[in-house]
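**Student:** Here's a structure for you.
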Amino acid sequence: MIHSPIHLLTKRFNKRYFQANFWLQCLFILLLALVLFGPILNLLIWTIAERWYFPHALPTQWGLKYWHQVFNPYSDVSGSLFNSVFIAVLTVIVCLLVSVPAGYALSKQTLPLRVFWMLLFLLPQAFPNLTVYINIARIFYDFGLNGTFLGVIIVHSVHGLMFSIWISVAAFSTTDPMLERASRNLGAGPFYTFFHIVLPQAAPGIIASAIFVFLESLDEFTGTFFVGSPNISTLPLLLYTASMEGNYQIASITALILLVPSVLFMVIITKFMRPDMLSKLGK
Amino acid sequence: MAHLHIENLQVGYGNKLILKNINLAVEQGEMIALLGPSGCGKTTLLNALCGFIPVSQGDIFVANRAISKRPAEKRNITMVFQSYALWPHMTVAQNIGYGLKVQKMKHADITTRVTELLKIVKLEGLENDRVTALSGGQRQRVALARALAIRPDVLVLDEPLSNLDAKVRLSVRHEIKALQKQLGFTSLIVTHDQEEALVMADRIAVLNHGTIEQIGTPEDIYHRPKTPFVADFMGADNHLTWPIQNAAITLNINPTITQAEIYFRSENALVSTRPPATNVDVNPSNMGLLIEGPVEQSVFFGNNYQISVRCGTHTIQANHDQHLPEHTPVLLRVPTDALHIFATEAGNSAPQHSLSPLSNQ
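Chains A and B, in that order, give the protein sequences. Residues in the first sequence are numbered from 130 upward in steps of one, following our numbering. Residues in the second sequence are numbered from 4 upward in steps of one, following our numbering.
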């Protein structure tokens with residue numbers, strides 16, 4: 130080993146360079162964490178704060194008072210939670226009823242006007258949400274759908290269909306048509322084949338699309354606001370009202386409740402969204 | 004009437020005809036190979052038989068019943084797919100028993116039949132394995148067992164061995180053949196491998212451009228090809244267009260011909276090294292095709308050497324048991340009975356039937 134001065138110098142420089150690099154990386158990670166988790170931390174503190182005034186960096190009084198208030202069976206929150214889940218489940222059912230057959234049909238390249246149908250389901254997303262929902266609300270007035278569960282479920286389904294159709298098409302496109310042929314070959318009719326061979330193959334993608342629709346419905350605000358309120362209150366609507374009234378504790382707890390299914394399902398979705406299926410999205 | 008009878012079958016997409024005037028009669032318990040290059044329509048024929056693509060004209064009869072208008076599930080013709088098409092969400096036993104379950108057979112009976120089939124294809128003990136965990140050869144057997152489970156009228160195999168590696172292919176080839184003999188099922192096998200067709204089939208139908216060029220026993224097809232295409236496809240790798248203006252090539256056959264396409268296999272060209280000055284004797288023992296020329300290339304092929312002989316503008320391939328250095332003058336003799344001669348002139352007394360020149364190649 131040669132200990133020439135130049136060698137030592139470069140070595141020291143490299144070490145210093147490495148250290149600088151290391152601390153810079155730490156700083157970036159910290160900043161990123163702050164940006165990502167800072168608001169959530171703030172939200173978490175709010176959920177257990179009973180008293181928190183402006184000059185204080187932390188709440189002056191801690192406690193679970195608002196949790197008891199929220200989980201009181203007669204509170205707005207439990208009612209809204211029930212509404213939200215009820216609407217979300219029915220929206221998922223409506224979306225699946227449409228997207229499973231439609232996705233299968235659209236996955237066949239021979240279908241006429243295939244691209245047109247695919248784009249049709251994308252169309253509601255092309256316009257600003259607000260205008261679309263105000264117009265829907267106006268039309269729903271004529272049919273007496275405003276303020277009804279049916280109205281809200283329809284609005285959520287239109288929104289959810291985009292996800293469920295596009296994901297279903299991708300899921301059905303990855304199934305091997307030879308597997309269908311093999312089934313027909315052995316005496317199974319088209320329906321038997323669909324339910325025993327095609328659907329199980331596409332199931333992971335369909336489950337992923339159902340989860341997406343569920344989460345979208347759970348978080349949906351604009352449509353529910355214009356079509357459902359004031360008769361129907363969901364968690365996002367409650368969150369909005371609570372925030373407007375300055376009731377940050379209730380708003381934060383509601384937000385936390387909304388966060389739980391999102392995180393949970395996102396973990397599940399990563400399992401079902403296989404790369405080969407993602408590559409077929411929009412094809 | 005034969006067990007499976009195909010009459011004037013035509014299949015096409017739009018204006019494009021894939022299959023033209025296919026006539027084929029398959030006897031009960033017979034195995035027929037559909038042999039042809041890729042794109043000749045052999046897989047299309049299987050798909051038409053199975054009902055995966057519609058038939059534009061003609062009829063298919065199985066045991067005297069016309070089936071060409073029936074949907075795939077009502078034909079009782081099962082296929083072993085090239086990709087096996089096993090269902091990955093089912094176990095081996097569920098895959099094999101699927102057809103029986105569709106028929107609403109009793110659970111106990113299905114189990115008995117599946118066990119019986121697993122024994123036949125030598126996969127005992129694997130009934131509860133996922134098909135995704137099996138090797139290529141094992142998947143092939145599951146596909147075969149699944150297709151045989153419902154006792155089909157006709158079994159069709161679409162290039163069943165093409166996805167297997169060379170060693171497994173040989174053993175599966177013999178197993179399928181042995182099974183076919185043992186169980187006596189009527190089957191059609193599609194292949195582009197002439198050796199596979201020769202070994203497995205009772206009769207071979209050679210397809211080209213959507214028509215059957217020749218149907219016959221393996222020996223027939225191999226030794227007596229009816230068209231230049233069949234000769235070429237069955238391994239006659241040398242091709243000459245007679246007449247040739249070259250003194251080094253002489254054709255001594257009886258009766259003589261003026262215009263013809265001549266095919267022969269390299270293994271039938273007998274090589275002899277001799278001094279270049281000597282004249283070629285034309286005597287009865289020297290009948291056939293005689294070619295003189297220098298060795299251009301000599302390639303080791305394992306059991307022999309493949310020798311290329313240059314003769315004017317022609318390069319002739321021959322087999323020889325030893326290496327010959329480049330430029331060695333050699334004499335090739337192809338006996339008359341090893342020559343496939345297709346006269347290209349109407350009214351010519353050629354040993355084979357006449358046909359229009361070159362259009363079929």
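Beta carbons: idealized from backbone N, C-alpha and C, even for Gly.
Can you pull the DSSP bridge partners for B/S190?
**Tutor:** B/M34 and B/L158, per the DSSP bridge assignment.
**Student:** From A/S236 to A/V244, what distance separates their C-alpha atoms?
**Tutor:** Computed Cα separation, rounded: 11 Å.
**Student:** Taking the Cβ atom as the reference point for each residue, do B/Q31 and B/G219 lie within a distance shorter than 9 Å?
**Tutor:** No. Outside cutoff.
**Student:** Along the beta strand (DSSP E) that carries B/S301, what are the first and last residues, could you check?
**Tutor:** Counting along the chain, the beta strand (DSSP E) containing B/S301 begins and ends at G291 to F303.
**Student:** Which residues, in order along the segment 317 to 342 of chain A, keep a beta-carbon less than 9 Å from a beta-carbon of chain B?
**Tutor:** Per Cβ criterion, the list reads A317, G318, P319, Y321, T322, H325, I326, P329, Q330 and A332.
**Student:** Can you confirm whether A/A311, when its beta carbon is compared against all beta carbons of chain B, has any partner nearer than 9 Å?
**Tutor:** True, the Cβ-Cβ gap to chain B drops below 9 Å.
**Student:** Determine the chain B residues that contact A/M373 at a beta-carbon separation under 8 Å, and present them in chain order.
**Tutor:** The contacting residues do not exist; A/M373 stays about 50 Å from chain B at best.
**Student:** Strictly below 9 Å CB to CB, what residues from chain A border B/Y16?
**Tutor:** Under the 9 Å cutoff, chain A gives no residues; its nearest Cβ is about 11 Å from B/Y16.
**Student:** Out of curiosity, what's the CA-to-CA distance linking A/L210 and A/L364?
**Tutor:** Cα to Cα, A/L210 sits roughly 6 Å from A/L364.
**Student:** Answer with yes or no whether the minimum CB distance from B/C314 to chain A is below 9 Å.
**Tutor:** Output row for B/C314: interface = no.
**Student:** Consider the C-beta atom of B/V233 and the heavy atoms of the ligand ATP; say whether any pair is separated by less than 8 Å.
**Tutor:** In the structure shown, the ligand ATP is absent, as is every other ligand, since no ligand is present at all.
**Student:** What are the boundary residues of the alpha helix (DSSP H) that includes A/V356?
**Tutor:** Here the alpha helix (DSSP H) through A/V356 covers T351 to V356.
**Student:** Would you say A/M395 reaches chain B, if we count a Cβ-Cβ gap shorter than 9 Å as a contact?
**Tutor:** So, not an interface residue.
**Student:** Since B/V76 meets chain A, which of its residues come closer than 9 Å, beta carbon to beta carbon?
**Tutor:** In the sequence under discussion, the amino acid at residue 76 of chain B is Glu, which differs from the Val named in the question. Near B/E76 (Cβ distances below 9 Å), the residues of chain A are S312, R313, N314, L315, G316, A317, G318, P319, Y321 and T322.
**Student:** Report back the beta-carbon spacing between A/A380 and A/L366 to the nearest angstrom; my notes put them in contact at under 8 Å.
**Tutor:** Actually they do not touch by this definition, with Cβ atoms about 12 Å apart.
**Student:** Quick one: which residues of the segment 85 to 97 of chain B get their C-beta closer than 9 Å to a C-beta of chain A? List them in chain order.
**Tutor:** Listed by position, the residues of the segment 85 to 97 of chain B near chain A (Cβ gap below 9 Å) are Q85, S86, Y87, A88, L89, W90, P91, H92 and M93.
**Student:** Going along chain B, which residues have a C-beta under 7 Å from A/L308?
**Tutor:** Here the neighbours are A88 and W90.
**Student:** Could you please give the first and the last residue of the uninterrupted alpha helix (DSSP H) stretch that includes A/I294?
**Tutor:** Segment F278 to S302, the alpha helix (DSSP H) holding A/I294.
**Student:** Measuring alpha carbon to alpha carbon, tell me which of B/Q217, B/P163, B/R206 and B/D240 ends up nearest B/Y87.
**Tutor:** Among B/Q217, B/P163, B/R206 and B/D240, the Cα nearest to that of B/Y87 is on B/P163.
**Student:** Between B/T81 and chain A, is the shortest Cβ-Cβ distance under 9 Å, so that the two count as touching?
**Tutor:** Chain A contact via Cβ: present.
**Student:** My understanding is that B/I224 touches B/W245, with C-beta atoms under 8 Å, so please give their C-beta distance in whole angstroms.
**Tutor:** In fact, because the Cβ distance is near 23 Å, the residues do not count as touching under 8 Å.
**Student:** What would DSSP say about B/F267, mapped onto helix, strand or coil?
**Tutor:** Strand.
**Student:** Would you report the Cα separation of A/R313 and A/T322, rounded to the nearest angstrom?
**Tutor:** If you take the alpha carbons of A/R313 and A/T322, they lie about 7 Å apart.
**Student:** Where B/P287 and B/P258 are concerned, what is the direct C-alpha to C-alpha distance, given to the nearest angstrom?
**Tutor:** In this prediction, B/P287 has a pLDDT of 49, which is less than 50 and means its spatial position is unreliable; what the coordinates show is noted afterwards. Going from the Cα of B/P287 to the Cα of B/P258 covers about 13 Å.
**Student:** Can you tell me which residues form a DSSP beta bridge with B/F345?
**Tutor:** B/F345 pairs with B/E264.
**Student:** Starting from B/G102, find everything on chain A with Cβ-Cβ shorter than 7 Å and list it in chain order.
**Tutor:** Those are L315 and G316, listed as they occur along chain A.
**Student:** Could you round the C-beta distance between B/C53 and B/A75 to whole angstroms and report it? I think they count as a contact, below 8 Å.
**Tutor:** With 8 Å as the limit, B/C53 and B/A75 qualify as a contact, their Cβ atoms being about 6 Å apart.
**Student:** Go through its chain and collect everything with a Cβ distance to B/D205's Cβ below 6 Å, but skip five positions before and after it.
**Tutor:** Hits under 6 Å: E33 and M34.
**Student:** Using a beta-carbon distance below 9 Å, is B/R149 in contact with chain A?
**Tutor:** At least one chain A Cβ lies under 9 Å of B/R149.
**Student:** If you draw a straight line from the alpha carbon of A/H288 to that of A/S358, how long is it in whole angstroms?
**Tutor:** If you take the alpha carbons of A/H288 and A/S358, they lie about 18 Å apart.
**Student:** With three or more beta-carbon pairs closer than 8 Å as the criterion, would you say the segment 299 to 311 of chain A touches the segment 260 to 278 of chain A?
**Tutor:** No: fewer than three Cβ pairs fall under 8 Å.
**Student:** Can B/L7 and B/Q13 be called in contact, C-beta distance under 9 Å?
**Tutor:** Not in contact: B/L7 and B/Q13 (Cβ atoms no closer than 9 Å).
**Student:** Would you tell me roughly how many angstroms separate the C-alpha atoms of B/I9 and A/G318, rounded to the nearest one?
**Tutor:** Those two C-alpha atoms are separated by around 25 Å.
**Student:** A/W191: buried (16+ other C-beta within 10 angstroms of its C-beta) or exposed?
**Tutor:** It is exposed - the Cβ of A/W191 has fewer than 16 other Cβ atoms within 10 Å.
**Student:** With distances taken Cα to Cα, identify the nearest neighbour of B/C25 among B/A181, B/S41 and B/V58.
**Tutor:** One point to set straight first is that residue 25 of chain B is Ile, not Cys, in the sequence displayed. Selected option, being the one with the closest Cα: B/V58.
**Student:** To the nearest angstrom, report how far apart A/T383 and A/V396 are at their CA atoms.
**Tutor:** Cα to Cα, A/T383 sits roughly 21 Å from A/V396.
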